DNA sequence: TCTGAAAATGGACCTTT
DNA sequence: AAAGGTCCATTTTCAGA
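Residue numbers (UniProt numbering), protein chains in the order written: chain A, 1 to 158; chain B, 1 to 158.
As structure tokens, then:
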């Protein structure tokens, strides 16, 4: 059950979060392991769910999704069925890249990607304004995507 | 030069954002294209920077990064060298998964991943409290990662 | 689009700890 | 048992005709 990673696993994860296209023999060379051993470890990491999946990262600019917007939302009622309905509507919206249910001054934080302000405005209409369980929301428009990723810090020596 | 995607490219991107491990022959079957055609398109998409990179997505829970925290930051001075220094310090911090420079009530939005509240507290010390260009910051602790990803919506038929 | 070479993956089997 | 290494078959990628 010990899902504990050894130093090899950590090095592999570090590399693969950066670049999942490195072939296994090259990975082996980097971490000092045979190709077969790398192969086995990658399988284990995937099966254990430590590697959730492999994904292509698409450049938003190159496909004219030039806008990134962060929205914070406060709800009226935290009744469970209401919350669930909201979670679902946020999750289903493809322009919602991320959604966090948070404690503090707000209840949800959403990260949108959109092609234009008009598109975002329309989304707020659908998701926020037409929902009377939303007390208020605030919009922060990103001027610069300073750092964007989902990498988890992996300490190689630990 | 026209970086415009046709319907095949869009379908491919849609699939690969979800799962970058699908072999090219399987992709071909799904979008109705030969393996070789898929191969050429993927190369083109990468070379054009439309596919930025391929990445392994690691499950934070499985490696004991149980905390996700969103922080908003207001700066004292928006002088360029000050901003740059801050951007750099945020970018370099491995626990900062994302950082956006925003317009509105705040100047930066940061998304942290951390192992514990103590770790986060220590990070705020390093990044915020020891920096006297930061006027104030606010912390929102995520109770649930409702949706997490970097996918761009790709309309298959457009 | 087809064919085939080269590369990468992944299993079998043996060895080490 | 658990994990590594070598070798080999299969699958996948990718270029040329």
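C-beta atoms are modelled at their ideal positions from N, C-alpha and C, and glycine is treated no differently. All values derive from a computational prediction rather than experimental measurement.
| Query | Result |
| --- | --- |
| In the stretch 49-115 of chain B, which residue ranges form an unbroken alpha helix (DSSP H) of at least 4 residues, counting only runs that do not cross its ends? | 80-92 |
| Check whether the Cβ of residue 52 of chain B lies closer than 8 Å to any Cβ atom in chain A. | yes |
| Return helix, strand or coil for residue 144 of chain B, following the three-state DSSP convention. | strand |
| Of the choices B/133, B/72, B/77 and B/81, whose alpha-carbon is the least far from that of residue 104 of chain B? | B/72 |
| Need the endpoints of the alpha helix (DSSP H) that residue 4 of chain A sits in, please. | Residue 4 of chain A -> no alpha helix (DSSP H), and no H or E assigned at all. |
| Quick one: list the residues of chain B neighbouring residue 105 of chain A, beta-carbon separation under 8 Å, in chain order. | 138 and 140 |
| Would you call residue 17 of chain A buried or exposed, if buried means 16 or more other Cβ atoms sit within 10 Å of its Cβ? | buried |
| In the DSSP assignment, the alpha helix (DSSP H) including residue 118 of chain A goes from what residue to what residue? | 117-124 |
| Given a limit of 8 Å on CB to CB distance, which residues of the UniProt domain "HTH asnC-type" (5-66) of chain B reach chain A? | 5, 13, 16, 17, 18, 19, 20, 21, 48, 49, 50, 51, 52, 53, 54, 55, 56, 57, 58, 59, 60, 62, 63 and 65 |
| Is the separation between the beta-carbon of residue 124 of chain A and that of residue 95 of chain A shorter than 8 Å? | no |
| Taking the Cβ atom as the reference point for each residue, do residue 54 of chain B and residue 54 of chain A lie within a distance shorter than 8 Å? | yes |
| Using Cβ-Cβ distances below 7 Å, what residues of the stretch 65-82 of chain A are close to chain B? | 65, 68 and 70 |
| Closer than 6 Å by C-beta to residue 13 of chain B: which residues in its own chain qualify, once you throw out the five before and the five after it? Chain order, please. | 154 |
| From what residue to what residue does the alpha helix (DSSP H) around residue 24 of chain A run? | 24-31 |
| Roughly how many angstroms separate the alpha carbons of residue 67 of chain B and residue 117 of chain B, rounded to a whole number? | 8 Å |
| Compare the C-beta of residue 125 of chain A against all C-beta atoms of chain B and say whether one is closer than 8 Å. | no |
| Output yes if chain A places a C-beta closer than 8 Å to the C-beta of residue 160 of chain B; else output no. | Because chain B is modelled from 1 through 158, residue 160 of chain B falls outside the range shown and cannot be assessed. |
| Quick one: which chain A residues come within Cβ less than 7 Å of residue 143 of chain B? | 101, 102 and 103 |
| Mind pulling the chain B residues with CB within less than 8 Å of residue 134 of chain A? | Per Cβ cutoff of 8 Å: no residues; residue 134 of chain A is ~15 Å from chain B at best. |
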